[in-house]
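Visitor: Protein sequences, first through last, are from chains A and B. Under this note's numbering, think of the first position of the first sequence as 969, with each following residue one higher. Under this note's numbering, think of the first position of the second sequence as 203, with each following residue one higher. Note that CB positions come from ideal geometry on N, CA and C, so glycine has one too. Quick caveat, the model's predicted, so the values are computed rather than measured. Please find one structure pasted underneath; my questions will follow.
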Amino acid sequence: MNSEPILQTRNLSVTFGGLKALADLDFAVEKGEIVSVIGPNGAGKTTLFNLISAMTAPSSGDIRFEGSSILGLDPNQVTARGIARTFQNVRLFAKMTVLENVMVAQHCRTRQGVLGALLYTRAFRREEAEIRAYGHEVLSFFGSRLTGYRLDQPASVLSYANRRRLEIARAMATRPELILLDEPVAGMNPVESAQLTELIARLRDEWGLTVVLIEHDMSVVRDVSDRVVVLDHGETIAGGSYRDVSTDPAVIEAYLGRRAESP
Amino acid sequence: MTAVTDPTARAAGADNPGLGARPVGDQPWRRISGMVAIGALAQMFIALSGMPVGLDDRTIIEPVLSLGYLGLVWLPLLMGYRAGCEPVLEGMPVHAKGRREVVAGALVGIGAGASISILVLLLHNFDLRDPLVNWGPQLAEVLGFGRSPGFAVIIWIAIGAGGGAAAGSLHLVPSPIRRAVIAMAATVIGAAVIERVVTDLAGGLGLGTAADRLYAPRGGLSWPGAVALAAVSGIAAGSGRGRISRTRTRIQTLEGTTRTVTNAALVVAAGLVAVVLPLLVGKITNELLANVGMFVLLALGLNIVVGLAGILDLGYVAFYAVGGYTVAVLTASASPGIAPELPWLAALVGVVVMAVLTGLFIGAPVIRMRGDYLAIVTLGFGEIIRLLFLSDWLSGWFGGAQGITNIPGVQVFGLATVKGTDPRAVLYLVMVFCALAVYVSWRLERSRLGRAWMAIREDESVAEVMGVNTVNAKLLAFVVGAVLGSFSGAIFAAKVGSIFPSSFLILISIIILVVVIFGGMGNVVGVIAGAVVLVGVLGGPRQPGLLQELSEYKLLVYGALLVWMMIQRPEGLVPNVGRNRELHPDEFRQDAWLRGRASCGEHDKGANAADDSEARRR
């Protein structure tokens, strides 16, 4: 593809105290790609997500999304532009119901305010019905796991795997172009993570999303990624297909360490 | 009372593999001795706070029990019952209750009783009036039953032991009987507390003679009345197991048109009661209800800010003050600055405008902060607004410490005038605005904005990432809360007819917040119940409640109730159904234990437990 990538970072750096969490990172994602970001703990993967979703401000560099810079925007404006994310340590709205969780995520796509709600206008009722219907649609992406009686349960009572699914559903409900998944299968059993891998592929094929995921489970990375980017100490140390990356000596060194030189 | 006495927990316990009763000597001695010490100290504190003397005038049951003695008797009973309580975990073996629990109750009861006995002896032999102002013959008289100290010593120990043992033996009887006993006690005390309202209402309904039988001429329930009430409530509670909650579930699970019709019928019924009730009761009761209504209005407004959006606003009184002063300036002829002498309803437009402006003015700097910082800053702004009204700088507008007087009442389209001298009209006015506030809360909670508020309450950073403009949403919560609070102030100004900065002390903010927390945050019904119980029964900051005698100890009782509520029932009096499952420590333990067991079989749930315990550690 020759067109501009949907997401591109240029010389992106961020420093926490003296620690350089990301150092001059150049990272690009083409539209319709599924890119996995891997790397050892502390490599800066989640920091990269935090920078893209504007939860952290970079020290220098630029982030461009769909051809324009998103630097300096508030997180909600970034979401409105079309970037959604999930969290590594599941952060649902615990006391809101499953349905409410995906309804609130459509906030930036809807308009009704105080007056509409108080006067119970026709426009308000129509929008409310649309929000509800789209919420149902997003939840039914996960089969029957998040529908039925679970719709009205608070998110806090869901099982761990279902909370992960609801995180993804909530991100989908913001109607993004690009979705950032932070360890989507962490804590799932092999059968469940295989199912979720299929769903991630469907996110692109059926929903037309571009997907960037951080993942430690290499079978998921292998099965789903078009491209793998390896980070270590805030820098890209390798990139390419899963096969290339998995045999790259630099990657093996980053994960396993270097053999001690004999004196 | 606790998670342990919760019927569902009991039902779970019933399925557990049962074990026999433990021997009497096998007591949790550490716990028992702790409870004895707490009971003894608490009893001594209650006695020395002067409550027994101060509350002795209020009779609960003629001639045996006064509020003063009730204040000393309830503690051994409650602690005697608690001594036998144990957390029931689902699936864990449970020991049958036996004599052990009775003995534990008696021991704890003796602790509480003996401390009064010791106090009686000390009162008889020493004079410690210097540091302890309530030390004196009056206290000795009340605690000693007007007899010799030896007699009182024995009686108090006997009351403690007997009461504790009786409460402990409640564990042994079948649950319908236990429920019946608790219902009997609650009904008798409750009926004595609301005596004034009941006699007033009975008079209005033409049932004065029945009320005369129920209550003694000089106040308090009469003997036959108390027995009859206890019998009726006991039978009702013993036989009506869960009937109310079943009916509620049935109404909640109705669907389609039946549901709409039922809801409409309920609303109409509530409206009819609201219209008819003030006609049946007299001036004093109407005044009381109007005071409760003003606090309901304030609490509903604060509930949007604190309960829905999770912004801990400790300076809510500022909006109450702005409402009051706006009405005063716009309607009173004696207003020192401008005096347009508008009618109240026209001034209301000004109230809304001023409330919105103040909400934006206070909100804009405040909402960029979070948590504790935000609370402290709102506390400051609450005081700043009051001090501005008090200041010399603005006294040309607001009269400084002299305030603004001669505020006319509310002219309702020339039909009637609502003034403080006519509490019934004030009550109607308050109820109209309460209904408005309930409608606003109800509609907003189920709207895009209400969901955004709840998301902010749950996790502000995530709400922002999910596309909620948190600055705007929080500002709107502030403004909506400000407008509802200012309505209450506007009514206050018209009702009282004069307004001073000292009407808007920080204490009001605190009490409104306590009402919201006590009733149940984020829940309209809970907030109303909280206002009725706290302001109606105990009394507001200045307004006497049904227990007028308690006014001196009001804040003490408020504080004690709040602490107790935070420990035992953090979700409030009327919990927000289904949203608060994770608050009880017992449930935490149970969940962790269940997941631990499940992790042997299922990877998924094991990870779940690990994640949860990790989340809790943070």
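By Cβ distance below 7 Å, which residues in the same chain neighbour residue 494 of chain B in space, the five residues on each side in sequence not counted?
Guide: To locate residue 494 of chain B, count along the second sequence from 1; it is residue 292. So the qualifying residues of the chain are 733, 734, 737, 738.
Visitor: Can you tell me which residues form a DSSP beta bridge with residue 1200 of chain A?
Guide: Here residue 1200 of chain A corresponds to residue number 232 of the first sequence, with the count starting at 1. Per DSSP, A:1203.
Visitor: Counting only beta-carbon atoms, is residue 1082 of chain A nearer than 8 Å to chain B?
Guide: Position 114 of the first sequence, counted from the start, is the residue given in the question as residue 1082 of chain A. So, interface residue.
Visitor: Using a C-beta cutoff of 8 Å, does residue 678 of chain B count as contacting chain A?
Guide: Mapped onto the second sequence, residue 678 of chain B falls at position 476. It does; some Cβ of chain A falls within 8 Å.
Visitor: Under 8 Å, do residue 980 of chain A and residue 1026 of chain A count as touching if we go by C-beta distance?
Guide: For the purposes of this step, residue 980 of chain A is taken as residue 12 along the first sequence, with counting starting at 1. For the purposes of this step, residue 1026 of chain A is taken as residue 58 along the first sequence, with counting starting at 1. Against a cut-off of 8 Å, the Cβ pair of residue 1026 of chain A and residue 980 of chain A comes out as a contact.
Visitor: Measure the alpha-carbon distance for residue 353 of chain B versus residue 229 of chain B and round it to whole angstroms.
Guide: Position 151 of the second sequence, counting from 1, holds the residue named residue 353 of chain B. Position 27 of the second sequence, counting from 1, holds the residue named residue 229 of chain B. Straight-line Cα distance between these residues: approximately 31 Å.
Visitor: Give the DSSP-derived three-state secondary structure of residue 1080 of chain A in the structure shown.
Guide: Here residue 1080 of chain A refers to the residue found at position 112 when the first sequence is read from its first residue. Of the three classes helix, strand and coil, the one that applies to residue 1080 of chain A here is coil, per DSSP.
Visitor: What distance in whole Å lies between the Cβ atoms of residue 755 of chain B and residue 251 of chain B, which are believed to be in contact at a cut-off of 8 Å?
Guide: As a position in the second sequence, residue 251 of chain B is number 49, starting the count at 1. As a position in the second sequence, residue 755 of chain B is number 553, starting the count at 1. That pair is a contact at about 7 Å.
Visitor: Would residue 750 of chain B be called buried (16 or more neighbouring beta carbons within 10 Å of its own) or exposed?
Guide: Working through the second sequence from its first residue, we reach residue 750 of chain B at position 548. Counting Cβ neighbours within 10 Å, residue 750 of chain B comes out exposed, since fewer than 16 surround it.
Visitor: Can you tell me which of the three DSSP states residue 1030 of chain A falls into?
Guide: Start at 1 with the first residue of the first sequence, and residue 1030 of chain A comes out as number 62. Of the three classes helix, strand and coil, the one that applies to residue 1030 of chain A here is strand, per DSSP.
Visitor: Tell me which residue opens and which closes the beta strand (DSSP E) that residue 661 of chain B is part of.
Guide: Here the question's residue 661 of chain B lines up with position 459 in the second sequence. Here residue 661 of chain B belongs to no beta strand (DSSP E), and DSSP marks it neither H nor E.
Visitor: Within the continuous alpha helix (DSSP H) that includes residue 402 of chain B, where are the two ends?
Guide: As a working note, residue 402 of chain B is residue 200 in the second sequence. Unbroken alpha helix (DSSP H) run through residue 402 of chain B: 397 to 406.
Visitor: Take residue 247 of chain B as the anchor and find which of B:277, B:223, B:227 has the nearest alpha-carbon.
Guide: Reading the second sequence from its first residue, position 45 is the one you call residue 247 of chain B. For residue 247 of chain B, the nearest C-alpha among the options comes from B:277.
Visitor: Does the separation of the CB atoms of residue 1054 of chain A and residue 1135 of chain A fall below 8 Å?
Guide: Taking the first residue of the first sequence as position 1, residue 1054 of chain A is located at position 86. Taking the first residue of the first sequence as position 1, residue 1135 of chain A is located at position 167. Taking 8 Å as the Cβ cut-off, residue 1054 of chain A and residue 1135 of chain A qualify as a contacting pair.
Visitor: Does the beta-carbon distance from residue 1202 of chain A to residue 988 of chain A come in below 8 Å?
Guide: Walking along the first sequence from the start, residue 1202 of chain A turns up at place 234. Walking along the first sequence from the start, residue 988 of chain A turns up at place 20. Yes, they are a contact pair.
Visitor: Considering only their Cβ atoms, is the gap separating residue 675 of chain B from residue 658 of chain B smaller than 8 Å?
Guide: As a position in the second sequence, residue 658 of chain B is number 456, starting the count at 1. As a position in the second sequence, residue 675 of chain B is number 473, starting the count at 1. Yes, Cβ-Cβ distance for residue 658 of chain B and residue 675 of chain B is below 8 Å.
Visitor: 8 Å is my cut-off, CB to CB: does residue 1021 of chain A come that close to chain B?
Guide: The residue given as residue 1021 of chain A occupies position 53 in the first sequence. By this cut-off, residue 1021 of chain A is an interface position.
Visitor: Kindly list, in the order they appear in chain B, the residues whose Cβ is closer than 7 Å to that of residue 1043 of chain A.
Guide: Here residue 1043 of chain A refers to the residue found at position 75 when the first sequence is read from its first residue. What residue 1043 of chain A touches in chain B: 666, 667.
Visitor: Quick check: the stretch 706 to 718 of chain B against the stretch 512 to 519 of chain B, are at least 3 beta-carbon pairs closer than 8 Å?
Guide: Cβ pair count under 8 Å is three or more, so yes.
Visitor: Determine the direct distance from the alpha carbon of residue 567 of chain B to that of residue 665 of chain B, and round the result to whole angstroms.
Guide: Translated into positions along the second sequence, residue 665 of chain B becomes position 463. Translated into positions along the second sequence, residue 567 of chain B becomes position 365. Cα to Cα, the separation comes out at about 20 Å.
Visitor: Taking only runs that begin and end inside the stretch 1092 to 1151 of chain A, name each unbroken alpha helix (DSSP H) of 4 or more residues, in chain order.
Guide: Here the runs fully enclosed are 1128 to 1141.
Visitor: Can you give me the C-alpha to C-alpha distance between residue 237 of chain B and residue 315 of chain B, rounded to a whole angstrom?
Guide: In the second sequence, the residue the question calls residue 237 of chain B occupies position 35. In the second sequence, the residue the question calls residue 315 of chain B occupies position 113. Approximately 13 Å between the Cα atoms of the pair.
Visitor: Within 10 angstroms of the Cβ of residue 433 of chain B, are there 16 or more other Cβ atoms? Answer buried if so, exposed if not.
Guide: Your numbering for residue 433 of chain B matches position 231 in the second sequence. The residue in question, residue 433 of chain B, is exposed, as its Cβ has fewer than 16 Cβ neighbours within 10 Å.
Visitor: Is the beta carbon of residue 529 of chain B sitting closer than 8 Å to the one on residue 1021 of chain A?
Guide: On the second sequence, residue 529 of chain B is found 327 positions in, with the first residue counted as 1. On the first sequence, residue 1021 of chain A is found 53 positions in, with the first residue counted as 1. Against a cut-off of 8 Å, the Cβ pair of residue 1021 of chain A and residue 529 of chain B comes out as no contact.
Visitor: Cα-Cα, which of B:740, B:775, B:437 is closest to residue 384 of chain B?
Guide: Here the question's residue 384 of chain B lines up with position 182 in the second sequence. Ranking B:740, B:775, B:437 by Cα distance to residue 384 of chain B puts B:437 first.
Visitor: Quick one: residues in its chain with C-beta nearer than 8 Å to the C-beta of residue 780 of chain B, no 5 flanking neighbours on either side, listed in chain order?
Guide: Numbered from its first residue, the second sequence carries residue 780 of chain B at position 578. At residue 780 of chain B the pLDDT is 49, less than 50, meaning the model places this residue with poor confidence; the figure from the coordinates comes in the next sentence. Nothing meets the Cβ criterion.
Visitor: Kindly indicate which three-state DSSP category residue 747 of chain B falls into: helix, strand or coil?
Guide: Here residue 747 of chain B corresponds to residue number 545 of the second sequence, with the count starting at 1. Of the three classes helix, strand and coil, the one that applies to residue 747 of chain B here is coil, per DSSP.
Visitor: Under the three-state reduction of DSSP, which class applies to residue 1006 of chain A: helix, strand or coil?
Guide: As a working mapping, residue 1006 of chain A is identified with position 38 in the first sequence. Residue 1006 of chain A: strand per DSSP, three-state reduction.
Visitor: Specify whether the stretch 626 to 639 of chain B and the stretch 480 to 489 of chain B touch according to this definition: at least 3 beta carbon pairs, one from each stretch, less than 8 Å apart.
Guide: Counting Cβ pairs under 8 Å, three or more are found: they touch.
Visitor: Taking 8 Å as the threshold (beta carbon to beta carbon), is residue 657 of chain B in contact with chain A?
Guide: Here residue 657 of chain B refers to the residue found at position 455 of the second sequence. Chain A, which has a Cβ nearer than 8 Å to the Cβ of residue 657 of chain B, makes this yes.
Visitor: Where does the unbroken beta strand (DSSP E) through residue 976 of chain A begin, and where does it stop?
Guide: As a working note, residue 976 of chain A is residue 8 in the first sequence. Here the beta strand (DSSP E) through residue 976 of chain A covers 975 to 984.
Visitor: List the residues of chain B whose Cβ lies closer than 9 Å to the Cβ of residue 1228 of chain A, in chain order.
Guide: On the first sequence, residue 1228 of chain A is found 260 positions in, with the first residue counted as 1. Within 9 Å Cβ-Cβ: nothing; residue 1228 of chain A doesn't reach chain B, min ~34 Å.
Visitor: Look up residue 1208 of chain A in the DSSP assignment and say whether it is helix, strand or coil.
Guide: Looking up residue 1208 of chain A in the first sequence gives position 240. If DSSP states are grouped into helix, strand and coil, residue 1208 of chain A belongs with the strands.
Visitor: Using beta carbons (cut-off 8 Å, strictly below), is residue 688 of chain B in contact with chain A?
Guide: Position 486 of the second sequence, counting from 1, holds the residue named residue 688 of chain B. No, residue 688 of chain B lies away from the interface with chain A (no Cβ there is under 8 Å from its Cβ).
Visitor: Distance, Cα to Cα, residue 727 of chain B vs residue 423 of chain B?
Guide: On the second sequence, residue 727 of chain B is found 525 positions in, with the first residue counted as 1. On the second sequence, residue 423 of chain B is found 221 positions in, with the first residue counted as 1. So the two alpha carbons sit approximately 30 Å from each other.
Visitor: Less than 8 Å between CB atoms is the rule here; does residue 1086 of chain A satisfy it with respect to chain B?
Guide: By 1-based counting over the first sequence, the position of residue 1086 of chain A is 118. Closer than 8 Å: yes.
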